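Chemist:
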Amino acid sequence: MTALADPPRSKKGPQTIVGGLPQVNLLPPEVRAARGLRNLKRWLAMALVLVLVLCAAVFALAEFAKMAADDELSTAQAETQRLQTEQQKYAEVPRVLGALQNATTARTLGMATDVSWSSYYAAITAVLPADVSIDSLAMTSQNSSSTAPSGAAANPLQAASVGQIQFTGRSTTVPNTAAWLDALNGVPGFANAWASTAAITQSQNKTTYYNVTVTVQVTAAAYTHRFDATKKVG
6 MTALADPPRS KKGPQTIVGG LPQVNLLPPE VRAARGLRNL KRWLAMALVL
56 VLVLCAAVFA LAEFAKMAAD DELSTAQAET QRLQTEQQKY AEVPRVLGAL
106 QNATTARTLG MATDVSWSSY YAAITAVLPA DVSIDSLAMT SQNSSSTAPS
156 GAAANPLQAA SVGQIQFTGR STTVPNTAAW LDALNGVPGF ANAWASTAAI
206 TQSQNKTTYY NVTVTVQVTA AAYTHRFDAT KKVG
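Numbering-wise, the sequence shown is residues 6 to 239 according to the numbering used here.
1) Give me whichever residues DSSP pairs with Leu78 in a beta bridge.
2) Compare the C-alpha of Gly243 against each of Ala196, Thr206, Gln92 and name the closest.
3) Would you kindly work out how many angstroms separate the C-alpha atoms of Ser155 and Ile170, rounded to a whole number?
4) Could you pull the DSSP bridge partners for Gln106 from this structure?
5) Please check the pair Ala227 and Gly194, which I expect to be a contact at CB under 8 Å, by giving their CB distance rounded to whole angstroms.
6) Should Tyr95 go down as buried or exposed, given a rule of 16 or more other Cβ atoms within 10 Å for buried?
7) Is the segment 81 to 98 touching the segment 112 to 132 in the sense that three or more CB pairs, one from each, lie closer than 8 Å?
8) If I measure Cβ to Cβ from Thr182 and keep anything under 6 Å in the same chain, skipping five residues before and after, which residues do I get?
9) Between Pro180 and Val132, which are expected to be in contact by the criterion C-beta below 8 Å, what is the C-beta distance as a whole number of angstroms?
10) Between the alpha carbons of Ala184 and Pro134, how many angstroms are there, rounded?
11) Figure out for me which residue from Val217, Asp233, Leu45, Val58 has the closest Cα to the Cα of Asp140.
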């Protein structure tokens, strides 16, 4: 006999329905629209608050920047006032410097023809022959506002000069005038030394001696340039 299998029995109990039960929104469209409008208003309010916060932050930053700029302006104005006060203290300096410059220029022009005559007197005595002494000496210079030679020499064949020295020497013997004149011409600033004929003279004590008159021209090389304007270095 063939045994018949019993048909499977269905299990009783709750069963899970995949996907859930279908739902139906029974709210009227007006209610749904009102809810959407409220949500939109809520988001708009939040956005407005955010914009207001940003505007307040920007305004605060602008105020801080303005305060910093005002402080810098006040500092600059105070510094300007201080500098103006300092400038008033030294207002006389440009005028004093101008007067000093004018005085320096006047001195330079006035002393442009300065000659150290004492130095040249010492040079004349240094080249005198051993037995010669000076009886008289005269120095003349040309009055000129420039350093250019403008004087006329005693001898037409001589070059122009800026001054002249003439002296009379006494000697018990006839001096070697050629060597003497060469020595005078060798002095810087001297040129065209000239000696007249020696004259025999007798003193009160019956001593015979020779008088020799010597003329020497002074050139522009004799100028000292002590008061010339000097250029500042640096």
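C-beta: ideal position from N, C-alpha, C; glycine also.
Source: prediction; values computed, not measured.
Modeler: By the coordinates alone:
1) The residue you call residue 78 lines up with position 73 of the sequence shown. DSSP lists no partner for Leu78.
2) For the chain, the structure presents residues 6 to 239; residue 243 sits outside this window and is missing.
3) Against the sequence shown, residue 155 aligns to sequence position 150. Against the sequence shown, residue 170 aligns to sequence position 165. Confidence at Ser155 is low in this model, with a pLDDT of 44, below 50, so the placement of that residue is unreliable and no value is reported for it.
4) As a first step, residue 106 must be located in the sequence shown, where it is residue number 101. DSSP links Gln106 through a beta bridge to no other residue.
5) Along the sequence shown, read from residue 1 onward, the residue named residue 227 stands at position 222. Along the sequence shown, read from residue 1 onward, the residue named residue 194 stands at position 189. Between Gly194 and Ala227 the Cβ distance is about 3 Å, and since that is below 8 Å, they are a contact.
6) Taking the sequence shown and counting its residues from 1, the one referred to as residue 95 is at position 90. With fewer than 16 other Cβ atoms within 10 Å, it is exposed.
7) no
8) Counted from its first residue, the sequence shown places residue 182 at position 177. Excluding positions up to five away in sequence, the list reads Ala200.
9) If you number the sequence shown from 1, residue 180 lands on position 175. If you number the sequence shown from 1, residue 132 lands on position 127. With 8 Å as the limit, Pro180 and Val132 do not qualify as a contact, their Cβ atoms being about 12 Å apart.
10) Counting from 1 along the sequence shown, the entry for residue 184 is found at position 179. Counting from 1 along the sequence shown, the entry for residue 134 is found at position 129. For Ala184 and Pro134, the distance between alpha carbons rounds to 9 Å.
11) Counting from 1 along the sequence shown, the entry for residue 140 is found at position 135. Nearest C-alpha to Asp140: Val217.
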